[in-house]
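A.B. asks:
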Amino acid sequence: MKINNKIALLLMLSLSLMIIGCREDSNRQLNQQSVKSHNTANQNAKPVIFILIDSLMDKPLHDAIQEGRAPALQYLLKNGQYFPKVVSSFPTMSVTIDSTLLTGTYADRHHVPGLVWYSGKEKRMIFYGNGAKEALKIDQMQVIMDAIYQLNQVHLNKKTKTIHEELADKGKESASINAIVFRGKTEHALKVPRFLTFSNRVPEQMILTGPKWFSYAALAQLDPKNSWNTLLWKKYGMNDEFSAQDTAYLINQKKLPNVTIAYFPENDNSVHRKGTAQLDGIEKADQALQVVLDAYGSWEQAVKNAIWIVMGDSAQSAVYEDRQLATVEIKSLLNHYRIAKLNQPVSAEDQIVISTNERMAYVYAINANVELSDVVKLLQNEEKLDIIAMKDDENVRVTAGKNGTMFSYRPGGNFTDEYGQSWTLSGEPSLVDIAIKNNRIKYGRYPDVLARLYGAMHSHEGRYVVVTVQPGYELVSESSPTHIGGGAHGSLHEKDSLVPLIISGTNTRPKTLRIVDIKDWVLQMVDG
-6 MKINNKIALL
4 LMLSLSLMII
14 GCREDSNRQL
24 NQQSVKSHNT
34 ANQNAKPVIF
44 ILIDSLMDKP
54 LHDAIQEGRA
64 PALQYLLKNG
74 QYFPKVVSSF
84 PTMSVTIDST
94 LLTGTYADRH
104 HVPGLVWYSG
114 KEKRMIFYGN
124 GAKEALKIDQ
134 MQVIMDAIYQ
144 LNQVHLNKKT
154 KTIHEELADK
164 GKESASINAI
174 VFRGKTEHAL
184 KVPRFLTFSN
194 RVPEQMILTG
204 PKWFSYAALA
214 QLDPKNSWNT
224 LLWKKYGMND
234 EFSAQDTAYL
244 INQKKLPNVT
254 IAYFPENDNS
264 VHRKGTAQLD
274 GIEKADQALQ
284 VVLDAYGSWE
294 QAVKNAIWIV
304 MGDSAQSAVY
314 EDRQLATVEI
324 KSLLNHYRIA
334 KLNQPVSAED
344 QIVISTNERM
354 AYVYAINANV
364 ELSDVVKLLQ
374 NEEKLDIIAM
384 KDDENVRVTA
394 GKNGTMFSYR
404 PGGNFTDEYG
414 QSWTLSGEPS
424 LVDIAIKNNR
434 IKYGRYPDVL
444 ARLYGAMHSH
454 EGRYVVVTVQ
464 PGYELVSESS
474 PTHIGGGAHG
484 SLHEKDSLVP
494 LIISGTNTRP
504 KTLRIVDIKD
514 WVLQMVDG
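All residue numbers for the sequence shown refer to this note's numbering, where the first residue is -6 and numbers rise by one.
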C-alpha cells in the first residue's frame, strides 16, 4: 500500500469535511485559470501524455492483454515501443520514485527518502501516510500537511528542479493530474475550513506551487464535471476515473500543455490485496486510458497527435500467506535498545527510531552512545534480511543476515557499470549480486544497486542503517501495515524494481532504461 491509499484513508478518517470545503474554492480558482489560459505548446513538437500506472508489471500486463482485458494498452504497445525492464528508484515507494521521475535524480539529490522516515532537524517521524493502525496512533493533521504541503514545498530539494519548473523556465506549460509529487512555479490556494484552523495548526489557506494545470483529487479538479469522482466511496478522487476525466478534459478543451503527467493509482491497492497475479487493477486502468484516447475521436488520431508514455512506478513481490513466516519484526532484533514509540514524541531517552517502508526500513541511532556497527551486528542475526547497509566515512558498507562477509564501495574509481557510472569497490561483490570482468560491472538481481543504494544512504541527515528483506517477506514494526498473501515493495530486489514502459508516437527512447533518465528524455522531446 502506498501514499495514494493512505491519503484516501486519512481523508475518510478525519478530513472529509475539509475536502468538501476545499473543493468549491479550488474549482473556482482552476476554472478562472482555464478561461485565461491559452495553449502555448510548441506546434512543432507533439504534446507528451505520461500515464503512470501504480505497480504495473510486465507479466500481469501481458496476461491482461492476452485475456482481452487491456485493449488500450495493447493498442499503444502494438503501435509503439515496449521495454519490459525499466529500473525504478529506491526505496521503491511512490514518493521517492515520483521525486526521481520529476527531478531526474536519486534520493541523495532530491532528498525524499521514503514514505516513512525520521527528521533529525524536526526531531519527529515524517509520515506521508500509512496503514489504518498507524493512522489511529499518529497526528493525522500533520500527516495531511506532510503529504500535500511539506513533501512538495519543503522536503523535496529546492535546488533540484522538477520537470514542471524547468518547463516553466522555458516558457512552456505542463499539467499534473493526481500525481503526489507536483512542485512547479504556479501558485495554487487550497482553502481549509475554519473549524479545522481554530488551533492555528493548519493554515486557513494552504498555498502551494505546482504546474499551471494542477489537479489533485477532491482538493482540485480541472473539469468542473469531475466532482462526482471525488465522493467518499470513490476515495475522494484518488481513482483512475478522476485522472482520466481531467486528462480528457484538457484534450477536449484544446488546452493540452506540452507535458501532462497523469497518475492512475488503483492498480497498486489491487496488487497489495489480491497478489501480483491479479488483473483487475490493470483492466480498470485500461478502461480509464480508453477515456483519454477516445478524447481524440479515434485511437489512430491519438497516436498521430500526441506522444504517449505509459509506465509502472514500481513492481511488487508476492508476500507469503503465513503471517508468522512472512513478517520480520525489527523491534525484536533490537529490543535491548529503547525504541521510540509511534504515539509519543521522540524523547531524549530514546535510542533507536525505526521507519518501515514495507520491504525496506531505516533504522536510526539517535543516541550518540549507540554504535551503528552494533546495530548492524544485531540485525545480522535475522537470516531473512537481504541487504544491511551503513555509511562509513565516504563508503557505503553492505552485509546481509547470517553473513559474515562485507562489501564496501563509493563513487568514483576504476570500475564502471553499464550506465557509465564509476565506482571504487572492495570486499565481497556477491552481497549485491554484481559480476566484475575487466573492471566492468554487471548487475544481477539488484538493478543499478550501487547508485540507488547510495542515493538512499545520502538522502537525509542522521546516522542510520538501511535494511531490506528477501522476496516473500515484509518488514514490520509498531502498527505498520502488512500485506499477507498479497504483494509488497520497497526493496532493491528486481522483483520490486523492474517496471514496463510503453512508448507510442515517437521513435525516441530514454538514454538508459531507468526512471532517473525519463525527465531528460521528455524535455528533449519537448524542445524538438
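C-beta: ideal position from N, C-alpha, C; glycine also.
What do you get for residue 308, buried or exposed, if any count of 16 or more other CB atoms within 10 angstroms of its CB means buried?
C.D. replies: buried
A.B. asks: Tell me whether residue 381 is buried or exposed, calling it buried when 16 or more other Cβ atoms sit within 10 Å of its Cβ.
C.D. replies: Classified as buried, residue 381 has 16 or more neighbouring CB atoms from the shown chains inside 10 Å of its CB.
A.B. asks: Span of the beta strand (DSSP E) holding residue 257?
C.D. replies: 252 to 257
A.B. asks: Which residue marks the beginning of the alpha helix (DSSP H) containing residue 449, and which one marks its end?
C.D. replies: 442 to 450
A.B. asks: Straight-line CA distance for residue 272 to residue 231?
C.D. replies: 19 Å
A.B. asks: Looking at the strands, I want to know which residues DSSP matches up with residue 301.
C.D. replies: DSSP output for residue 301 lists 42, 497 as bridge partner(s).
A.B. asks: Please classify residue 514 as buried or exposed, where buried requires at least 16 other C-beta atoms within 10 Å of its C-beta.
C.D. replies: buried
A.B. asks: With a Cβ-Cβ cutoff of 7 Å, do residue 350 and residue 109 count as a contact?
C.D. replies: yes
A.B. asks: When the Cα of residue 45 is compared with those of 101, 250, 278, which residue comes out closest?
C.D. replies: 278
A.B. asks: Counting C-beta neighbours from all protein chains within 10 Å, is the total for residue 217 16 or more, i.e. buried, or is it exposed?
C.D. replies: exposed
A.B. asks: By DSSP, does residue 93 sit in helix, in strand, or in coil?
C.D. replies: Note: residue 93 maps to helix in three-state DSSP.
A.B. asks: Reducing DSSP to helix, strand and coil, say where residue 489 ends up.
C.D. replies: helix
A.B. asks: Near residue 83, which residues of its chain fall below 6 Å by C-beta distance, leaving aside the five closest residues on each side in sequence?
C.D. replies: 445, 449, 485
A.B. asks: Three or more beta-carbon pairs under 8 Å between the segment 90 to 104 and the segment 154 to 172, yes or no?
C.D. replies: yes
A.B. asks: Look at residue 169 and residue 120 and say whether their C-beta atoms are less than 7 Å apart.
C.D. replies: Against a cut-off of 7 Å, the Cβ pair of residue 120 and residue 169 comes out as no contact.
A.B. asks: Please state the DSSP three-state secondary structure of residue 181.
C.D. replies: strand
A.B. asks: For the segment 201 to 232, which segments carrying the beta strand (DSSP E) assignment without a break, of at least 3 residues, lie completely within its bounds, in sequence order?
C.D. replies: For the beta strand (DSSP E) assignment, the uninterrupted runs of no fewer than 3 residues enclosed by the segment 201 to 232 are, from N- to C-terminal side, 206 to 208.
A.B. asks: Going by DSSP in three states, residue 325 sits in which element: helix, strand or coil?
C.D. replies: helix
A.B. asks: Can you find a CB in chain D that lies within less than 7 Å of the CB of residue 176?
C.D. replies: As a matter of chain content, chain D is missing from the structure shown, which is built from one protein chain.
A.B. asks: Helix, strand or coil for residue 527 per DSSP?
C.D. replies: Residue coverage of the chain in this structure runs from -6 to 521, which leaves residue 527 outside it and unanswerable.
A.B. asks: Is residue 156 helix, strand or coil by DSSP?
C.D. replies: helix
A.B. asks: Residues in the same chain with beta-carbon distance under 6 Å from residue 503, minus the five sequence neighbours each way, listed in chain order, please.
C.D. replies: 510, 511, 514
A.B. asks: Buried or exposed for residue 395, going by 16 or more other Cβ atoms inside 10 Å?
C.D. replies: The residue is exposed, with fewer than 16 neighbouring Cβ atoms inside 10 Å.
A.B. asks: Does the structure place the segment 450 to 461 close enough to the segment 354 to 363 that three or more beta carbon pairs sit under 8 Å?
C.D. replies: yes
A.B. asks: Pull up the distance between the alpha-carbon of residue 266 and that of residue 260, whole angstroms please.
C.D. replies: In this structure, the alpha-carbon of residue 266 lies about 10 Å from that of residue 260.
A.B. asks: Compute the beta-carbon to beta-carbon distance between residue 205 and residue 258, rounded to the nearest angstrom, for a pair I have assumed lies under 8 Å.
C.D. replies: Not really, about 23 Å apart at Cβ, beyond 8 Å.
A.B. asks: Would you say residue 302 and residue 496 are within 7 Å of each other, going by their C-beta atoms?
C.D. replies: yes
A.B. asks: Identify whether residue 422 lies in helix, strand or coil by the three-state DSSP scheme.
C.D. replies: Here residue 422 sits in helix by DSSP.
A.B. asks: Confirm, please, whether the CB-CB distance from residue 413 to residue 426 is below 7 Å.
C.D. replies: no
A.B. asks: Extract the residue ranges of the beta strand (DSSP E) inside the segment 380 to 429, only unbroken runs of 3 or more that lie entirely within it.
C.D. replies: 388 to 392, 400 to 410, 415 to 420
A.B. asks: Would you call residue 14 buried or exposed, if buried means 16 or more other Cβ atoms sit within 10 Å of its Cβ?
C.D. replies: In this predicted model, residue 14 has a pLDDT of only 29, less than 50, meaning its place in the structure is not dependable; the value taken from the coordinates is given anyway. Looking at its Cβ environment, which holds 16 or more other Cβ atoms inside 10 Å, residue 14 is buried.
A.B. asks: Measure from the alpha carbon of residue 182 to the alpha carbon of each residue in 165, 488, 474, 213, then state which is nearest.
C.D. replies: Measuring from the Cα of residue 182, the nearest candidate turns out to be 213.
A.B. asks: Based on Cα-Cα distance, which residue from 222, 391, 318 lies nearest to residue 461?
C.D. replies: That would be 391, whose Cα lies nearest to the Cα of residue 461.
A.B. asks: Considering only residues of the same chain and omitting the five flanking positions on each side of residue 316, which have a CB-CB separation below 8 Å?
C.D. replies: Closer than 8 Å at Cβ, skipping near neighbours: 475, 477.
A.B. asks: To the nearest angstrom, how far is it from the Cα of residue 180 to the Cα of residue 324?
C.D. replies: 43 Å
A.B. asks: Terminal residues of the continuous alpha helix (DSSP H) containing residue 274?
C.D. replies: 273 to 287
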